[in-house]
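In what follows, a structure is listed as structure tokens, so that the remarks can point back to it.
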Amino acid sequence: LGMLLLSDAHQCTKLSELSWGMCLSNFPAICKTEDFLQLPKDMAVQLLSHEELETEDERLVYEAALNWINYDLERRHCHLPELLRTVRLALLPAIFLMENVSTEELINAQAKSKELVDEAIRCKLKILQNDGVVNSPCARPRKTSHALFLLGGQTFMCDKLYLVDQKAKEIIPKADIPSPRKEFSA
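Numbering (our numbering), first residue to last: 24 to 209.
Here's what the structure looks like:
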């Protein structure tokens, strides 16, 4: 984060792009730092709302947003609705959404924040009941990095497990398998 702020201040575009990529891919570690809590509002919003923010669990984004607000509550509480919009609230586990988010005092104290949570609950119910298409931004999944593994082949025996790295656009042998496979072995 320090490099990102420094590169922005000195308008070093390449360094800024590299720093930004590191922030996105290391979000679980970055969101727990003092530097994150000291980010300017616009940069915090930009980071939390980014499509390529790598997080396995949207709870981490929610907690990061609340921690950022609570770091300077007196000055930042007015930004809560804007930061809540960065969280894909409808993608939170239903129990967490109902027991933690909807009962959060800070959220219930602001009408706009409460409306966002109520909308997320409606979307979550619609998703759980398989009741049509949900187009709300609070239910749109982030682009995540997933792993695709190949095992076996159509016409030849295969004795390795391969990882398809979509970012690097390559296939990497990862492990030997105990007995060779072919056809629909995966």
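We put the CB at the ideal spot given by N, CA and C, even for glycine. These numbers were taken from a predicted model, which means no experiment stands behind them.
Item, Value
"Of all the options ASP65, GLU105 and GLU57, which has the alpha carbon lying nearest to the alpha carbon of ASP31?", "ASP65"
"Just list the residues that DSSP pairs ASP199 with in beta bridges.", "LYS183"
"Run through the DSSP bridge pairs and tell me what LEU171 is partnered with.", "VAL187"
"Per DSSP, what kind of secondary structure is GLU74 in: helix, strand or coil?", "coil"
"Cα separation between ARG111 and GLN61?", "23 Å"
"So does the stretch 45-52 actually touch the stretch 124-138, counting three or more Cβ pairs closer than 8 Å?", "no"
"Measuring CB atoms only, is the stretch 125-133 touching the stretch 83-101, in the sense that at least three cross pairs come out at less than 8 Å?", "yes"
"Among LYS166, ILE195, LEU184 and GLU193, which has the Cα closest to the Cα of SER72?", "LYS166"
"Could you tell me which of GLN152, ASP80 and ALA88 sits nearest to GLN69, measuring between CA atoms?", "ALA88"
"With distances taken between CB atoms, is the gap from PHE163 to LEU115 smaller than 8 Å?", "Here the sequence assigns Arg to residue 163, which means Phe is not the residue at that position. No, they are not a contact pair."
"Helix, strand or coil for GLU193, going by three-state DSSP, please let me know.", "strand"
"Would you kindly report the start and end of the unbroken alpha helix (DSSP H) that includes CYS101?", "Looking at the DSSP string, CYS101 is not in any alpha helix (DSSP H), and its letter there is neither H nor E."
"By the three-class DSSP mapping on this structure, what secondary structure does MET26 have?", "helix"
"I need the DSSP call for GLN69, collapsed to helix, strand or coil.", "helix"
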